[in-house]
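Residue numbers (full-length UniProt numbering): 1 to 352.
Glycine is no exception: its CB is placed at the ideal position from the N, C-alpha and C atoms.
Taking it in order: structure first as structure tokens, then the write-up.
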């Protein structure tokens, strides 16, 4: 395992690259060897200690892996409103964006797709839907990033759960069933809700925000950490617990994450390479908080790898002498560079 730097901010003019940002959306287009980035936010004055109204983005960019250049995309008025902290996920068809937070406590529960075929945003059809997720931001979920397109992909649902709105923390789970990928139709349904054991349970994770997640198969969702307090809810912030949700069996299973420090605003991506099926990578995040008495932080040359056979996380050393700066609010996705599958990482707020 090793990191490879794909571009350097110093080598681009400001107009030739997206503005620095965090909590954006990212996806990989395998047909055209490119990375797509949407949305996110930044502070208007990063060095100021006073409250700053965040700058939100509704722009879309592509990074061409062959030419190593950025290009702005989709100037159409038909696009998702500016937001951050959204659920994002991709497959061979496009980049999906759901929920998120806009300005002035404005929360979304809409679902959009950036179609890789014609570079256009389209809102997924939610007509005749009796159940829709509550507006929220910082949810967990996604769709498994299958790179083998077929109509059978309609069986690959998009999952959405957890997250928070202004005065509520969610622990429920929904799925969006694609009935027709080509006409962008589908419907929401509720897949699981804990109602008997309360917020603190040995069989169900506490509601949370700022956690990281990845679909490691079409039916399995892996989550880690986050903040369990706020919105009239109590719990560690950050936390170090990890859970695996099975849509097939409609239950949660605790994952051994004892080797990982508590963190929030981390990022996770599934691995689709041979030998790593149903695995995921977890990198960095905010590990320090006044509620944490003592922690052993992740080293610069380390990442966390989920072992599905043992149902536990392990710490792995990364080869090389140069590594990404530790950060939080970054985004990650699975993808392919040249002939090798791996994960891409973009953005975030550095700790230096």
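A straight line joining the alpha-carbon of residue 309 with that of residue 142 spans about 22 Å. Between residue 23 and residue 207, the alpha-carbon positions lie close to 19 Å from each other. Per DSSP, the beta-bridge partners of residue 168 are 165.
With respect to the 8 Å criterion, residue 36 and residue 95 are classified as neighbours on the basis of their beta carbons. Residue pairing for residue 259: DSSP places it in no beta bridge. With a cutoff of 8 Å on beta-carbon distance, residue 133 and residue 174 are scored as near each other.
DSSP, reduced to helix, strand and coil, places residue 16 within a helical segment of the structure shown. Boundaries of the beta strand (DSSP E) around residue 176: 173 to 180.
A Cβ-Cβ separation of about 5 Å places residue 318 in contact with residue 301 under the 8 Å criterion. Taking a 10 Å sphere around the C-beta of residue 275, we find fewer than 16 other C-beta atoms and assign the residue as exposed.
In the three-state scheme derived from DSSP, where H, G and I count as helix and E and B as strand, residue 157 is classed as coil. The DSSP-derived three-state label of residue 39 is coil.
Residue burial annotation: residue 102 is buried, with at least 16 other C-beta atoms found within 10 angstroms of its C-beta. Under the three-state reduction of DSSP, residue 340 is assigned to strand. Exclusion of the five residues before and after residue 236 leaves 228 as the residues of its chain whose Cβ lies within less than 6 Å of its Cβ. Taking the CA atoms as reference points, residue 86 sits about 16 Å from residue 176. The beta carbon of residue 190 lies closer than 6 Å to those of 131, 174 in the same chain, with the five residues before and after it left out. Beyond the five residues adjoining it in sequence on each side, residue 240 comes within less than 7 Å, by CB distance, of 225, 257, 260, 261, 262 in the same chain, given in chain order. Residue 296 counts as exposed, since fewer than 16 other beta carbons sit within 10 angstroms of its beta carbon.
Membership of residue 5 in any beta strand (DSSP E) is not indicated, and neither H nor E is assigned to it by DSSP.
Assigned with DSSP and collapsed to three states, residue 55 falls in strand.
Here residue 124 is not bridged, per DSSP, to any residue. For residue 281, the enclosing beta strand (DSSP E) has its first and last residue at 279 to 283. Taking 8 Å as the cut-off, the Cβ atoms of residue 57 and residue 19 count as close. In this structure, residue 286 places its C-beta atom within 8 Å of the C-beta atom of residue 238. Here residue 178 is buried: its Cβ has 16 or more other Cβ atoms, across all protein chains shown, within 10 Å. By the Cβ-count criterion, residue 44 is exposed, with fewer than 16 other Cβ atoms from all chains shown falling within 10 Å of its own Cβ. The residue among 350, 27, 329 with its C-alpha nearest the C-alpha of residue 146 is 27. If you ignore the 5 residues before and after residue 88, its C-beta comes within less than 6 Å of the C-beta of 25, 97, all in its own chain and listed in chain order.
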